[in-house]
Every structure is written in C-alpha cells, then in structure tokens.
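I have placed the structure first, in the form of structure tokens, so that the comments after it can refer back to it.
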Amino acid sequence: MSDAGFCIDLNDKFTRVCDITQKGPKVELDTVGYAETAPLFFSQERNKVIEDQALVLTNLVTNLRIKKKLVHIVIPDTYAFSQIVEMPKLKEKELLAAIRYQADEFIPMDIDETSIDLEILREDPVAKKLLILIVASPKKIIEKIEKVCEAAHLIPDSLETEISAAGRLFTSILSLKGSKSVVINFGYYTTTLYLVDPESSLIIFSRTFKIGLDLFVKDMRANLSWEDKKIYEALKSIGFTQNASVDLGKLFAPIMKEFANELQKFLVLARDHYNISIEQLFIYNADTYINQLNQALTTSISLPVGALPIQNYLLPTPATTAFQTELSSLVSGIGGDLQ
141 MSDAGFCIDL
151 NDKFTRVCDI
161 TQKGPKVELD
171 TVGYAETAPL
181 FFSQERNKVI
191 EDQALVLTNL
201 VTNLRIKKKL
211 VHIVIPDTYA
221 FSQIVEMPKL
231 KEKELLAAIR
241 YQADEFIPMD
251 IDETSIDLEI
261 LREDPVAKKL
271 LILIVASPKK
281 IIEKIEKVCE
291 AAHLIPDSLE
301 TEISAAGRLF
311 TSILSLKGSK
321 SVVINFGYYT
331 TTLYLVDPES
341 SLIIFSRTFK
351 IGLDLFVKDM
361 RANLSWEDKK
371 IYEALKSIGF
381 TQNASVDLGK
391 LFAPIMKEFA
401 NELQKFLVLA
411 RDHYNISIEQ
421 LFIYNADTYI
431 NQLNQALTTS
441 ISLPVGALPI
451 QNYLLPTPAT
461 TAFQTELSSL
471 VSGIGGDLQ
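So the sequence shown is numbered by this note's numbering: it starts at 141 and just counts up by one.
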C-alpha cells in the first residue's frame, strides 16, 4: 500500500474520503470525512455538475487538512459491469485482446464507449487457468471523474469499482476464510451480492439488482408525504423496530419480499453452481441508515444476516471513535486505500 495517496469513495449519495495506514493485520484510520455528492453527478453531463463535485472534493480535502494529491477512486458497482470468469493462462495483453474479441459475451455495453480493465484474482499453475475479474466502465464517467480531479487539483492514481475494493479488503485484512458466506453491499440505488470462496476469501461471483436505500426513501415519501430530513431520521431511529409509533416494517413489506427473493435466488445459485451451502450473510454500506435492516433480512430468509465486522480490524483512533456507528459505510474507502 502506498502512503502517498488517499481514497475517494464517490457514491451516489455521499462522497467519502479515507486516508489509512496498514499496520500488520489491522488498519489505522488516519483521516475520514464525507459530504453529499453533487446532485445528479453520475446521470448528467453538464459542466455544472463537474464544477459542483470538484467544489465538494476541494472543501472536503481542505476541511480535513489533507495535503496529499494522489487519489484512489472507488465508484459504485451500479456504474460498471463486472464479471468473474475463468480463462486460459495468457499474458495481460493477450487476455485483453481475447476479452475484446468476445466483448458481446462478456460486456453488455458498446465496446467503443467502454473502458475495460481486468484483475487476476487467482492462478492455477497445474490447470494453467486464471480466475479474472473483468470490469467495464463507460468512458464518459471516467472522463468526468478525471475532470473533477483536475478541477480539484488532485491526481487520480487508480479508479475501480466497489467489488474490486471489497475483494482487496477481504483478501488482505478482513479474512472470511472458512466462512460459507455472502456479503451484501447495500447501496443507494442498487445492491450487489458477493459470493466469497471459503478457502481463499476471494469474491468468485457477484450479482447486482435494483434495490437500494433510495427505494425505501421513495416509498416513505409517497406514502407518508414527509420531507427527506424527517424520512432519514425515521429510517435511522425507527427502521424495522417493532411496536414503534410508525410501522415502517409493514410499509416496506413489498420491498423486503423482493429483497428476500433476490437473496434466495443467489443462495440457490451458490449451492447448485458453486457447491457452497451458505451459512451466514454480512451486510455493509448504506445499512447504517436503516435501523435493524439486518434483523429484518434475517427473519425474511431464515439465515443470520450480520453487520460486516470491519471494527474488529481497525486500531483505535479519534476517527474510528467518531465514526463508530458508520464504520460499515467506510468499507469501500478502506478497501480502496489498500493499494
């Protein structure tokens, strides 16, 4: 891991900054902060959103007194296509050529408007096979982020998706070896499920679907006619708490049914295609904004769903104490800075 840079987790709702130091098997949070991402940053192409997001970053870096200029950037899985595949052992240039040649099979995007990257996860020297993570991102998003960094006087050193940052965290710090588990990345617009290999702690399969925090917010906005501030406060304080003044669990029943269906389908796939009978699930990211979401999911699928235990791998610092109730949301930022 380089000490020269820090990580920017550029999410739909928040832009989070993490500057960490790895100390043996644990991580020290040196600097952490966040601010709201410029509205419609990912969906609009206007120069105004680039200027607004550059200002968000400039203010964050200034307020946190960060002097570093090199940044590692993580974007949501929502804005890229990721696939984990097994391929013959080839050199990286040959692998990229093979992937581009079979682009229609691997990447459901216009190849001319897409930037493709790959990461070798595992090599089998006997079978001469490679397990590879293929990530394809729209060039427009990459170019937009580069312009934001330039305007904020920052130097982008790397850009990756959440699956790559999480995978690095699992294999280098937060080991899930021996655990037959699925990790739930509950995001703002979407959720991504990661199937973790119990022998290596590698992510070996993933799937993204359109259920995220925003769907719960929209449901409350439509049915209760509350302002967003009150909605977020109620989600954090009430959520799925039983016998509360407002029965949000009943309101969210259709969403939770769909959520549980997606989880069950993934569990069946893990068993039938990967011969892994899942025993537990871990959740992170925007789960901190809905009280007792993990308990509600546990009830829905009859398997334990717990918070990803990131706190067990962090050394005590003022930043860790300040963000102790939001550590789950820092997973991508911590993983992204483990470079």
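Yeah, the Cβ is synthetic: ideal placement off N, Cα and C, and Gly gets one too.
Determine contact between the segment 263-273 and the segment 218-229, defined as no fewer than three beta-carbon pairs at a distance below 8 Å. Yes, the segment 263-273 touches the segment 218-229.
Look up residue 183 in the DSSP assignment and say whether it is helix, strand or coil. Per DSSP, reduced to three states, the secondary structure at residue 183 is coil, with no helix or strand assignment.
Whole-angstrom C-beta distance between residue 279 and residue 255, which should lie under 8 Å: That pair is a contact at about 5 Å.
For residue 379, collect the residues of the same chain with a Cβ closer than 6 Å to its Cβ; drop the 5 residues on either side in sequence, then sort them by chain order. Taken in chain order, the residues that qualify are 430, 431, 432.
Restricting to Cα atoms, I'd like to know which of 445, 187, 170 is closest to residue 418. Checking every option, the nearest Cα to that of residue 418 belongs to 445.
Going along the chain, which residues of its own chain have a beta-carbon closer than 8 Å to the beta-carbon of residue 170, five neighbours each way excluded? Correct list, in chain order: 159, 160, 161, 457, 459.
Taking 8 Å as the cut-off, decide whether the C-beta atoms of residue 347 and residue 330 are in contact. Taking 8 Å as the Cβ cut-off, residue 347 and residue 330 do not qualify as a contacting pair.
Just to confirm my understanding: we take residue 204, look at its own chain, exclude 5 residues before and 5 after, and list those with CB closer than 7 Å. What are they? Closer than 7 Å at the Cβ level, and outside the excluded window around residue 204, lie 157, 171, 173.
Determine the direct distance from the alpha carbon of residue 466 to that of residue 475, and round the result to whole angstroms. A direct Cα-Cα distance of roughly 15 Å separates residue 475 from residue 466.
By a C-beta neighbour count over all protein chains shown, 10 Å radius and 16 as the cutoff for buried, is residue 461 buried or exposed? Exposed.
Would you list, in sequence order, the uninterrupted beta strand (DSSP E) runs of no fewer than 3 residues that lie entirely inside the segment 417-476? 420-425, 445-447, all fully within the segment 417-476.
Give the DSSP-derived three-state secondary structure of residue 243 in the structure shown. In this structure, residue 243 counts as helix in the three-state DSSP scheme.
Under a three-way DSSP split, which group does residue 320 fall into? Coil.
For residue 259: DSSP bridge partner residues: DSSP lists 273 as partners of residue 259.
Mark residue 425 as exposed unless 16 or more other C-beta atoms lie within 10 angstroms of its C-beta, in which case mark it buried. Residue 425 is buried by the Cβ-count criterion.
Going by the DSSP bridge assignment, what does residue 301 pair with across the sheet? Partner(s): 215.
May I ask you to list the residues that DSSP assigns as paired with residue 158? 147, 172, per the DSSP bridge assignment.
Nearest-angstrom Cα separation, counted from residue 428 out to residue 326: For residue 326 and residue 428, the distance between alpha carbons rounds to 10 Å.
Whole angstroms is fine: what's the gap from residue 407's alpha carbon to residue 297's? Rounded to whole angstroms, residue 407 to residue 297 spans 36 Å at the Cα level.
Going by CA-CA distance only, name the one from 177, 451, 306, 181 that's closest to residue 342. Proximity to residue 342 across 177, 451, 306, 181 peaks at 306, based on C-alpha coordinates.
Opposite residue 223 in the DSSP bridges: which residues? Answer is 274.
For residue 198, three-class secondary structure by DSSP: Annotated three-state conformation of residue 198 is helix, per DSSP.
Between the segment 434-441 and the segment 354-374, can you find at least three pairs of beta-carbon atoms closer than 8 Å? No: fewer than three Cβ pairs fall under 8 Å.
In chain order, what residues of the same chain have a beta carbon less than 7 Å from the beta carbon of residue 354, not counting five sequence neighbours either side? So the list reads 328, 329, once near-sequence residues are dropped.
Once you ignore the five residues that flank residue 198 on each side, which residues in its own chain have a CB closer than 7 Å to its CB? Once the five neighbours on either side are set aside, the close Cβ partners of residue 198 are 292.
Where do the ends of the beta strand (DSSP E) carrying residue 346 lie? Taken as a continuous stretch (DSSP letters only), the beta strand (DSSP E) holding residue 346 covers 343-349.
Cα separation between residue 252 and residue 214? Rounded to whole angstroms, residue 252 and residue 214 show a C-alpha spacing of 23 Å.
Using CA atoms only, rank isn't needed, just tell me which of 454, 321, 223 is closest to residue 421. Considering only alpha carbons, the answer is 321.
Local Cβ density within 10 Å of residue 152, reported as buried at 16 or more and exposed below that: Under this definition residue 152 is a buried residue.
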